[in-house]
Amino acid sequence: MDYRVNSKQPNNGDWAVEAEGLVKIFGDNRAVDGVDMHVKAGTIYGVLGPNGAGKTTTIRMLATLLRADAGSARIFGHDVVKESQIVRQLIGVTGQYASVDESLSATENLIIFSRLLGLGRAESKKKAAELLEEFGLTEAAKRPLKNFSGGMRRRLDLAASLIAQPPLIFLDEPTTGLDPRTRSQMWDTIRRLVNTGSTVLLTTQYLEEADQLADRIAVIDRGRVVAEGTGDELKQSVGTSSLHLRVENQSDIENARQTVEQVLKVQATLTSEAAKITAPMANADLITDLLIALREKGITLSEVSVQKPTLDEVFLTITGHGVEDEKTKDTNRAEAVTV
Ligand SMILES: Nc1ncnc2c1ncn2[C@@H]1O[C@H](COP(=O)(O)OP(=O)(O)O)[C@@H](O)[C@H]1O
Ligand SMILES: [Mg+2]
Numbered sequence: 003m004d005y006r007v008n009s010k011q012p013n014n015g016d017w018a019v020e021a022e023g024l025v026k027i028f029g030d031n032r033a034v035d036g037v038d039m040h041v042k043a044g045t046i047y048g049v050l051g052p053n054g055a056g057k058t059t060t061i062r063m064l065a066t067l068l069r070a071d072a073g074s075a076r077i078f079g080h081d082v083v084k085e086s087q088i089v090r091q092l093i094g095v096t097g098q099y100a101s102v103d104e105s106l107s108a109t110e111n112l113i114i115f116s117r118l119l120g121l122g123r124a125e126s127k128k129k130a131a132e133l134l135e136e137f138g139l140t141e142a143a144k145r146p147l148k149n150f151s152g153g154m155r156r157r158l159d160l161a162a163s164l165i166a167q168p169p170l171i172f173l174d175e176p177t178t179g180l181d182p183r184t185r186s187q188m189w190d191t192i193r194r195l196v197n198t199g200s201t202v203l204l205t206t207q208y209l210e211e212a213d214q215l216a217d218r219i220a221v222i223d224r225g226r227v228v229a230e231g232t233g234d235e236l237k238q239s240v241g242t243s244s245l246h247l248r249v250e251n252q253s254d255i256e257n258a259r260q261t262v263e264q265v266l267k268v269q270a271t272l273t274s275e276a277a278k279i280t281a282p283m284a285n286a287d288l289i290t291d292l293l294i295a296l297r298e299k300g301i302t303l304s305e306v307s308v309q310k311p312t313l314d315e316v317f318l319t320i321t322g323h324g325v326e327d328e329k330t331k332d333t334n335r336a337e338a339v340t341v
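For the sequence shown, the working numbering gives the first residue as 3, with consecutive numbering after it.
This is the structure we're talking about:
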């Protein structure tokens, strides 16, 4: 089945990103294997995929930091190879900021950054103080950067990209490993970037994050885009919720599975775990009907839950395999590669 959603938007010049057939090969590893991507200006585009899927490599090619082995890409109509100088003026990549000066404080770094961008002395100072306040970094403002935690660094990075506010901002896993409070702060800031005119291309390992933020999402797996569309379209293909249930008596399992399929009108899966059934649910409310039907058949449950589908389940549905193999093959690549 093809989950690809055809986006029939006219190419009327307002594309922030147009990429066709991007390929990057490391040794015999086709890290990016023919990626097409179209991002409309003024939107948030999410690239969703597990560790090692090729997200960072794709961003690095779009951001002129890495030459593609095949394919082409344009940023606001400018070719990333032939017009790389122009492209660099139109983009911001989180991660670049951290290299300013590790021994200086957060405030000093932000001020230098503002001055480099041409802001006046007083304005730079004011801007730095405002941003540190907004990102909850006021307490740490005087500390040298080298003493910052990963989460604090990430916030400072994003603060720095707010000063320049380039038309297109690449955020590579901006919230991986952040606590929930900092994560939702990040989400607000990302939305603000777009509300004030920027386009954001972000990568994430979290379905919920892509769904919350992105206007459109590309699911990337082993260097290929395996699904593309809005969050709703994506979830329709995998169900908005995911049902997990276990029967008390192993002998009821087949009967229970059929009941699930009849009531939910989907395909239910028996997992390798003893007597466990999982199924996508378009509507979590159907659980009531299901429980009544199971009771009427005299099937006793030992466990039932309705959860949001995990990235693993999305992948399982779309690609027919989970994310486990990539994880074991390639632990923490997200942290290892910075752009
Ligand atoms: N500089 C590099 N040299 C060799 N292999 C690389 C390099 N960068 C990435 N890779 C490999 O390319 C694949 C995709 O990596 P990456 O783009 O970092 O994935 P993601 O960002 O989705 O986690 C992985 O198998 C990774 O090991
Ligand atoms: Mg990465």
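By construction, the Cβ of each residue, glycine as well, lies at the ideal position given by its N, Cα and C atoms.
Taking the CA atoms as reference points, T280 sits about 50 Å from A131.
For K57, the number of other beta carbons within 10 angstroms of its own is at least 16, and it is reported as buried. The closest CA to that of L296, considering only S307, T273, V265, is found on V265.
For A33, the distance from the CB to the nearest heavy atom of ligand 1 is below 7 Å. With contacts defined by Cβ atoms closer than 8 Å, A43 and I222 do not form a contacting pair. Annotation for G138 indicates a beta carbon at 7 Å or more from all heavy atoms of ligand 1. M283 and A21 have their alpha carbons spaced roughly 34 Å apart. Distance from the CA of R157 to the CA of L24, rounded to the nearest whole angstrom, comes to 30 Å.
If you look at G233, you'll find it in the alpha helix (DSSP H) that goes 233-240. Closer than 7 Å to some heavy atom of ligand 1: that describes the Cβ of A55. Closest in alpha carbon position to K278, among T177, A143, L303, is L303. With respect to the 8 Å criterion, M63 and A75 are classified as neighbours on the basis of their beta carbons. For D223, the secondary structure class from DSSP, reduced to helix, strand or coil, is strand.
Restricting attention to alpha helix (DSSP H) runs no shorter than 4 residues, the region 85-171 encloses them at 86-92, 108-118, 123-136, 152-166, ordered along the chain.
Taking every protein chain shown into account, the CB of L134 has 16 or more other CB atoms within 10 angstroms, so this residue is buried. Inter-segment contact for the region 194-202 and the region 162-181 is present: three or more beta-carbon pairs are separated by less than 8 Å. Under the three-state reduction of DSSP, N53 is assigned to coil, being neither helix nor strand. In the DSSP assignment, D71 falls outside any alpha helix (DSSP H) and carries neither an H nor an E. In this structure, P182 lies away from L204, with their beta-carbon atoms at least 8 Å apart.
Here the distance from the Cβ of G231 to the nearest heavy atom of ligand 1 is not below 7 Å.
Within the region 239-322, the complete beta strand (DSSP E) runs of at least 3 residues fall at 243-249, 278-283, 303-309. Of the candidates N257, H246, K299, the residue whose Cα lies closest to the Cα of V308 is H246. If you draw a straight line from the Cα of E211 to the Cα of Q187, it is about 12 Å long. With 16 or more other Cβ atoms inside 10 Å of its own Cβ, R218 counts as buried.
Membership of T66 in any alpha helix (DSSP H) is not indicated, and neither H nor E is assigned to it by DSSP.
Looking at the DSSP output, I46 shares a beta bridge with V202.
Its Cα nearest to that of A286, the residue S243 stands out among A216, A124, S243. DSSP places A21 in the strand class (E or B) of the three-state scheme.
Beta-bridge partners assigned by DSSP to F28: N31. Counting along the chain, the unbroken alpha helix (DSSP H) around A212 starts and ends at 209-215.
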